[in-house]
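Report on the structure given below.
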Amino acid sequence: MAVTRLRALSIDTLTGLARRRPPLRVPPLRLTVPSGMSAPLGCDAVAVPAAYGQQLLARLPRAGCVYGDGAHWWWLVPSDSDVAMEWPAPVQYATGAVMPDMCAEPGLIHRPDGTSVVYTPPIPLYLAVCQVTGARPAWSRPVTA
10 MAVTRLRALS IDTLTGLARR RPPLRVPPLR LTVPSGMSAP LGCDAVAVPA AYGQQLLARL
70 PRAGCVYGDG AHWWWLVPSD SDVAMEWPAP VQYATGAVMP DMCAEPGLIH RPDGTSVVYT
130 PPIPLYLAVC QVTGARPAWS RPVTA
């Protein structure tokens, strides 16, 4: 009968093994436009903590598609809606409506009537976000040298 010798692995060996394996990468998730609706200007998304969701929806004259994942509400806006706008904290801006840290697409909370455009107008959304978060719009702050 042959004797099998087991070799103890050190923490350095285990760390080295972990480094050799490529990390598992899940392709980033992108919010999808509901079927029958159009997004002619491309899509970005604005994520707001879910606690502000209902307040924002009530303050907007018109809302486009809004998605929710429990922690955030995601508002579809036209591409480049972050140009010349400093979205206040705790807002997250997602270019291309890509959410790299999510495993499953959020559910659709609000869909505009009809089959027209999916967007929430970004300036009214920005102003409403500033109101509910207590932030001042960037263009209303004093300029300093």
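Read in order, the letters of the sequence shown are residues 10 to 154 in the working numbering.
Even glycine gets a Cβ: it sits at the ideal position worked out from N, Cα and C.
First through last residue of the beta strand (DSSP E) which encompasses residue i
i: C52; result: C52 to P58
i: V75; result: V75 to G77
i: A103; result: Q101 to A103
i: G116; result: G116 to H119
Simplified DSSP assignment, three categories, for residue i
i: P87; result: strand
i: W96; result: coil
i: S149; result: helix
i: A48; result: coil
i: V5; result: Only positions 10 to 154 of the chain appear in the structure, and residue 5 is not among them; the question remains open.
i: R39; result: strand
Environment of residue i [buried if 16+ CB atoms lie within 10 Å]
i: T104; result: exposed
i: L136; result: exposed
i: R62; result: Inspection of the sequence shows that residue 62 is occupied by Gly rather than by Arg. Per the 10 Å Cβ criterion, buried.
i: D110; result: exposed
i: A147; result: exposed
i: V55; result: buried
i: P36; result: exposed
i: P70; result: exposed
i: D53; result: buried
i: S149; result: exposed
Sequence-distant residues of the same chain with beta carbon closer than 7 angstroms to residue i, five excluded per side
i: L117; result: P43, C74 and Y76
i: V100; result: V55, A56, V57 and V138
Sequence-distant residues of its chain with Cβ nearer than 8 angstroms to residue i (five each side left out)
i: Q155; result: The chain is shown from 10 up to 154; residue 155 falls before or after that span and cannot be answered.
i: A80; result: P58 and A59
i: A144; result: P97, A98 and V138
i: E114; result: L38, L40, T41 and Y76
i: S125; result: M46 and S47
Contacts around residue i, its chain only, beta-carbon distance under 6 angstroms, and the 5 residues preceding and following it disregarded
i: W82; result: V57, A59, G62 and V75
i: V127; result: V42, M46, A48, G73, C74 and L85
i: Q64; result: V141
For residue i, the first and last residue of its enclosing alpha helix (DSSP H)
i: A67; result: G62 to R68
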